[in-house]
Structures are given as C-alpha cells and as structure tokens.
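Since the structure comes first, as structure tokens, the remarks are kept for the end.
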Amino acid sequence: MIRKYKLGEPIDTESTVQDIAISSDIPKGFVMDSECVFRIDMSEDTRVYGLGETVRGINKRGWRYISNCTDDPIHTESKNSLYAAHNFLLIWNKKNVVGYYVDTPEKAEFDIGYSDPDRLFIRLNSPNAYFYEITPDLTRTESKACETDNPLTKVVQQFRHLIGQSYIPPLFAFGYGQSRWGYKSREDILSVIQSYEDADIPLDSVYLDIDYMDSFKDFTINEDSYPDFEDFVKSVSEKNIHLIPIIDAGIKIEDGYDVYEEGIKEDHFCKKEDGTPFVAAVWPGRVHFPDFFRPETRKWFGEKYSFLLNKGIDGFWNDMNEPAIFYSEDGLDEAFDKIHSLEGQNLDISSFFEFVDTVESVKNSPKDYESFYHEYKGQKIRHDKLHNLYGYMMTRAAGEAFEKLCPDRRILMFSRASYIGMHRYGGVWTGDNQSWWSHLLLNIQQLPGLNMCGFLYSGADTGGFGADCTEDLLLRWLAVGIFTPLFRNHSAMGTRQQEVYRFPHKDWMRGIIRLRYALIPYLYSEFMKAASCDDMFIRPLSFVYMDDERACDTEDQLFVGKSIMIAPVYTQNAAGRTVYLPEPMKMLRFDGDRLTEEADLTAGDHYIPISLKEVVVFLRKGYVLPLGKPARTTAELDLNDLTYIQFD
Ligand code: GLC
Numbered sequence: 060m061i062r063k064y065k066l067g068e069p070i071d072t073e074s075t076v077q078d079i080a081i082s083s084d085i086p087k088g089f090v091m092d093s094e095c096v097f098r099i100d101m102s103e104d105t106r107v108y109g110l111g112e113t114v115r116g117i118n119k120r121g122w123r124y125i126s127n128c129t130d131d132p133i134h135t136e137s138k139n140s141l142y143a144a145h146n147f148l149l150i151w152n153k154k155n156v157v158g159y160y161v162d163t164p165e166k167a168e169f170d171i172g173y174s175d176p177d178r179l180f181i182r183l184n185s186p187n188a189y190f191y192e193i194t195p196d197l198t199r200t201e202s203k204a205c206e207t208d209n210p211l212t213k214v215v216q217q218f219r220h221l222i223g224q225s226y227i228p229p230l231f232a233f234g235y236g237q238s239r240w241g242y243k244s245r246e247d248i249l250s251v252i253q254s255y256e257d258a259d260i261p262l263d264s265v266y267l268d269i270d271y272m273d274s275f276k277d278f279t280i281n282e283d284s285y286p287d288f289e290d291f292v293k294s295v296s297e298k299n300i301h302l303i304p305i306i307d308a309g310i311k312i313e314d315g316y317d318v319y320e321e322g323i324k325e326d327h328f329c330k331k332e333d334g335t336p337f338v339a340a341v342w343p344g345r346v347h348f349p350d351f352f353r354p355e356t357r358k359w360f361g362e363k364y365s366f367l368l369n370k371g372i373d374g375f376w377n378d379m380n381e382p383a384i385f386y387s388e389d390g391l392d393e394a395f396d397k398i399h400s401l402e403g404q405n406l407d408i409s410s411f412f413e414f415v416d417t418v419e420s421v422k423n424s425p426k427d428y429e430s431f432y433h434e435y436k437g438q439k440i441r442h443d444k445l446h447n448l449y450g451y452m453m454t455r456a457a458g459e460a461f462e463k464l465c466p467d468r469r470i471l472m473f474s475r476a477s478y479i480g481m482h483r484y485g486g487v488w489t490g491d492n493q494s495w496w497s498h499l500l501l502n503i504q505q506l507p508g509l510n511m512c513g514f515l516y517s518g519a520d521t522g523g524f525g526a527d528c529t530e531d532l533l534l535r536w537l538a539v540g541i542f543t544p545l546f547r548n549h550s551a552m553g554t555r556q557q558e559v560y561r562f563p564h565k566d567w568m569r570g571i572i573r574l575r576y577a578l579i580p581y582l583y584s585e586f587m588k589a590a591s592c593d594d595m596f597i598r599p600l601s602f603v604y605m606d607d608e609r610a611c612d613t614e615d616q617l618f619v620g621k622s623i624m625i626a627p628v629y630t631q632n633a634a635g636r637t638v639y640l641p642e643p644m645k646m647l648r649f650d651g652d653r654l655t656e657e658a659d660l661t662a663g664d665h666y667i668p669i670s671l672k673e674v675v676v677f678l679r680k681g682y683v684l685p686l687g688k689p690a691r692t693t694a695e696l697d698l699n700d701l702t703y704i705q706f707d
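60 is the number of the first residue of the sequence shown in this note's numbering; add one for each residue after it.
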C-alpha cells in the first residue's frame, strides 16, 4: 500500500510515474514546526536501509546524511553528502517494514540515530515535499517470475513500480572498460587497446575523458590529437571495442563555438536574477550552464549527442552535473578583494585560516547555488530550490534524445550526479573514489542502496580513481568489479597508472576478467529480470534470510542475482576471510579458467582461504549458475554455449 502526502506546495520532480491520490492528513510523526521535522522512533532492532549513494554501511543507522548533490572527491565516513540525492528509506524490524520516499529537490537531512540513537529525524529545507509511505502489500500480485514473500523486497518492488522501470544498457556495457583521465591522443588509446590485445585480456570499451575535446568544449573533437575521429571510431569498432566519451554540464563561453552561440541565441542558459546568463567556471574556465529544466533546452542539448552518435559512438558518461562549480565570476571577485585586504598583514591564527578558507570556499559555494535561476513548468525558480535535480535533468536530456535519435538501439549512459527518476534514463558511477581498501568496502556497501533506488546499472571506479593503486588492491577490486554491472577501471591524472597489463601478475588479472565474461550470460539475464520485476540485482543477505539476525548484520557479503552470494576479501594482506553461510551452500572456486566445486558447506562460519588470483562464489541450494566461455569481447560471447552448475 502506498500513501502519498503533500506538504506545502511541493515542486513536481517527475521522479514518479504512477498517479496516487493524496491523503488528506499529514504523515504520522511529522512535526510541522518551523524546522519541518519528520520523526520516527526506532526500536533497538530497527534497521534503516536505502539512501542510495552515501557513505558508511548498508544499515544507515548512526549517522547524519544530507541529500545535496556535491562534487567532493574525498569520500570519508565523516562526509554527509556525495554526488547523489536518493531520498528513499527502508525502515524495518521484526514487526514492521515500511518505506519512505521524500520527494523534494531541495536539501534534505536524514538524521538516523545521530542526535538521538533511538530516533530518526528527516529535516526539510522548506515545508514543501511529497512524502510517500510504502507498506508491504501482500495482496499485490506479481507475475510468477517476480513473486516474493520477503516484505523488504515487496516494499522495494512497490517503490520501484512507483518510480518506473530502471534503465537497461546494451550488452557491451557489461564488458570490461578501461579509462584514465590522462589519455591525451589517439595514439594513447590505441596503445591501451594494443596492450590489452598483446596481454590477451578481454576489453569492450575505452573511455575518452575531457582531453578528447577541443579546449574542454562539449561536442567538439581535438583534431590535433584525434585526427579523423570518425575513422578512428570505426577502426576501433572493427575490433569490437567501443569508445565512450565524457560530456560535461558546463558550456564554454567562447565566440565562434557553435554550442555556446546557439545557447545564447536560443536562450538555453541559466540566468541570474537580473536576467543575464550566470557565469561559473569548470575545466574550460568560464562556462554557462544549460537550463535542463526547460523541455526545449533538453531537446536542444540532447540532440547535440548526435554529433558523436553520427561518428559511430554508442555510449557516454555525463559528468560535473551536480553541477560542480570551481568558482563563479562574482564569487571570485569577492575572494580576490578579501585576499587583497589581507595582503601584507601578519597572518595569525585567525587571519591565516580566513585566507585559506577564502580560497577554498570559492568552490561549490552555497551562495553561488542561490544566485541563478531555472525556468521550470512556467515558473522562475532559484537553483538551490531544484539543486538535486540538475544531473537528473541533464541525463534525461540525453535519454529523451536517444529515444528519438536511435529508437532501436540501446545507448550506454551513466551519470555522476543523480536523483531518483534519473534511473529511467541511465545508470551511475560513484564518482571520484580513492585507491583505498576502505573504498573497496564502500563500493560493496553502496550497491544495495543504489539498487533499492533503481540504479541497477552502477559501479565504482575499479582500482580507485584518486591515489596510487597497488597490485593487491587492484586484484581484490577486480574480484568485486566483475559482479557489478558497470565494470570500469578508471584513475586520475597524476596517480599511478593502473591498467591491468602494467602489473607483474597480469595473468592473474586476466583470469579474473575472463571470469567476468564467463559470468555475463548469468549477470545480464539476472539484471534483466531485476529490471523487469522492479527488483534488486544486488541484495544484502537480509533480503533472503530476514529472520536470521546474523545474516541481517552481515554487511560484507551480497547476493548477486538470485543464485549466488559473494564474500569478497577487502582487507590488505588477508589470505582469506570468514564467510557466514545462512544455509548450506556449494562453494565454487575460480582460479583463472579452472573451476573447482568444493565440498558443500554447512550453514555457519567458515574461514575460507582466498588467494589474490582466486574468486570464490557461493551457490544457493536449489539454484543454478549458468557459465559461458570467456571471450575477448562481449560481441564474441557465445550465449548458447553454457555450462550449468547446480546445487540441489
Ligand atoms: C571528474 C570525474 C572524473 C574525471 C575527471 C576529469 O573528476 O569524476 O571521473 O576523470 O572529472 O574529467
């Protein structure tokens, strides 16, 4: 059962697709004081799931999360906001299961046992939001394939039905991708492809980061470093490799640049109060932001992707769409004034930090987000009132265009910033993580929340984006990445190069990546089932063993599809780990192409040695794991040549 409440005059985010009558009262627990607080009491055994892409564990209890799409590359557990705003909570204990979706594009705070360990507070920025309360509807019938008796799954399915079917990528998007911010030219890309070929390691895509553009201008090509781009794309596609260019939100201000000139002429950019276009800065220096809230602007921007689609491109990643702002023109002027006023002074305990903060605070400044406007549904609305929707609307521009431009083809699309609703148009990657062991665990623990919120096509930068990656970390990360729909190795300029062929034990890495290809028939079909059943592709153990306390507390093992459980090693120098089996399972040990089906294990704890080159999975009783033959690319997979491993 879904109850919809309306508080104040909410903005329609278009994140839901079902019409639901509005209940006349206000949601239980809502305290309509000046702070707009919604309060829920939590018993000792209450667990709180959801919130999609956030820091910390699967059970979100014990921290304060703020939905406020933010470009912040340091994802430590002290942070409150990451790139996304996914305001769905699943609150449950033995007696009660309930889901809440707080639909507001403004900042929203979820204080889950932080200020009071026994209470959950939702604090809104303004008294305007739609609230949805979802309780398991046991009478709701699903098609046979989608049936479940787990109330957690029921609530997730009802929520997902409300927000519409998840984006489905093309098959090649399940292949392995190599990326790096730092590939400068066609030669760099060719050398990556050649090195993969020489090392006989599968590869489906190579990502083009901002350097493929001319001066970081969207929908341009740097002709010096990428001459004959179309030919290049074609020659690479003959090897079944896809090139996936990045698209940024900001449009460079430059006379003669057609996208900029058209944007000005046709009035597509966000404006300040006085009606002049808002000037921010990102990679190219000064930019304007397209007002993706206007259908005409979405159409205009979406059609621009055809510049690359017509050159043979069939996938994109949308970036910097929180939107990230290095500085605004106005903010920078103020900062320089401040710095000049400090010049020549004895910078002491307070003025020194004032100086440092002045520089630091020009970036992603709340004041800037309050200084430009959108035109949405006939109204002029200040950006901060819509902030969390910006990345969604950018990706929607692309998604809507793809439906028109190439209705018969699936185009790969994923974004950095997102809001619920965007899951219908694309997936997400979890942004600029680091090559840290703690971020490998974070990757594991972010997946269930993302799945609940509809972002089935998701993944992290395998190996970590920032910082230097070590061989053992990369091996362990690959062993997780092979189970995530988006499986892309990406790293930042200036960090150690982390293409797998650069490491001494590249043969071990080859073995793990080949296993990914053998798993694709299973992964893609489980993904399709999850998408069509509004279900999760990756689930915590509680979704299967809700009455098993130990299983519910286990946050480092996951179900991938219905048949297999994974229990990755995510600590440095560990030669194995303890795995908890809620029921007897069959253990499958993969070492390169060699599979050993090990003794069927009883329920309980088992210490399992897992070397750096191995991947271990656990097959559920009564289930089957189809395995294909590895291939160099997804195009070469033989989906009919499958072996079935069973445990009955
Ligand atoms: C942002 C993206 C990162 C990309 C970089 C350069 O930091 O998150 O993935 O490599 O920009 O475009």
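Just so you know, even glycine gets a beta-carbon here, dropped at the ideal spot from N, CA and C.
Compute the distance between the beta-carbons of residue i and residue j, then report whether it is under 7 Å.
| i | j | result |
| --- | --- | --- |
| Ser494 | Ala519 | no |
| Ile150 | Phe169 | no |
| Pro186 | Gly88 | no |
| Ile571 | Leu537 | yes |
| Ile306 | Phe385 | no |
| Leu262 | Tyr255 | yes |
| Leu141 | Ala167 | no |
| Ala144 | Asn447 | yes |
| Tyr159 | Pro69 | no |
| Ile669 | Val628 | yes |
| His549 | Phe524 | yes |
| Asn423 | His134 | no |
| Phe351 | Ala456 | yes |
| Gly236 | Arg575 | no |
| Lys65 | Ile79 | no |
| Ser296 | Gly234 | no |
| Ile323 | Val346 | no |
| Glu434 | Arg353 | yes |
| Pro229 | Arg469 | yes |
| Ser126 | Ile222 | no |
| Tyr484 | Gly508 | no |
| Gly681 | Leu701 | no |
| Arg219 | Asp593 | yes |
| Ser409 | Leu401 | no |
| Met644 | Leu654 | no |
Per DSSP, residue i is paired with what?
| i | result |
| --- | --- |
| Trp376 | Ile305 and Phe473 |
| Ile171 | Trp122 and Leu179 |
| Asn423 | Paired residue(s): none; Asn423 is not in a bridge. |
| Ser264 | Gly236 and His301 |
| His665 | Val638 |
| Glu657 | Met646 |
| Tyr316 | For Tyr316, which the question treats as bridged, DSSP gives no partner whatsoever. |
Can you tell me whether residue i is helix, strand or coil according to DSSP?
| i | result |
| --- | --- |
| Gly486 | strand |
| Ser387 | strand |
| His327 | coil |
| Arg199 | coil |
| Lys65 | strand |
| Thr454 | helix |
| Thr521 | strand |
| Lys645 | strand |
| Pro286 | coil |
| Glu673 | strand |
| Gly28 | The chain is shown from 60 up to 707; residue 28 falls before or after that span and cannot be answered. |
| Met568 | helix |
| Ile269 | helix |
| Phe542 | coil |
| Lys311 | strand |
| Ala551 | coil |
| Gln253 | helix |
| Thr335 | coil |
Run the CB neighbour count on residue i, radius 10 Å, all protein chains shown included, and call it buried at 16 or more, exposed below.
| i | result |
| --- | --- |
| Tyr581 | buried |
| Leu267 | buried |
| His482 | buried |
| Lys119 | buried |
| Val716 | Residue 716 lies beyond the residue range present for the chain, which begins at 60 and ends at 707; the question has no answer from this structure. |
| Arg598 | buried |
| His301 | buried |
Could you confirm whether any beta carbon from chain B is found closer than 7 Å to the beta carbon of residue i?
| i | result |
| --- | --- |
| Ile470 | The question asks about chain B, but that chain is absent: this structure has only one protein chain. |
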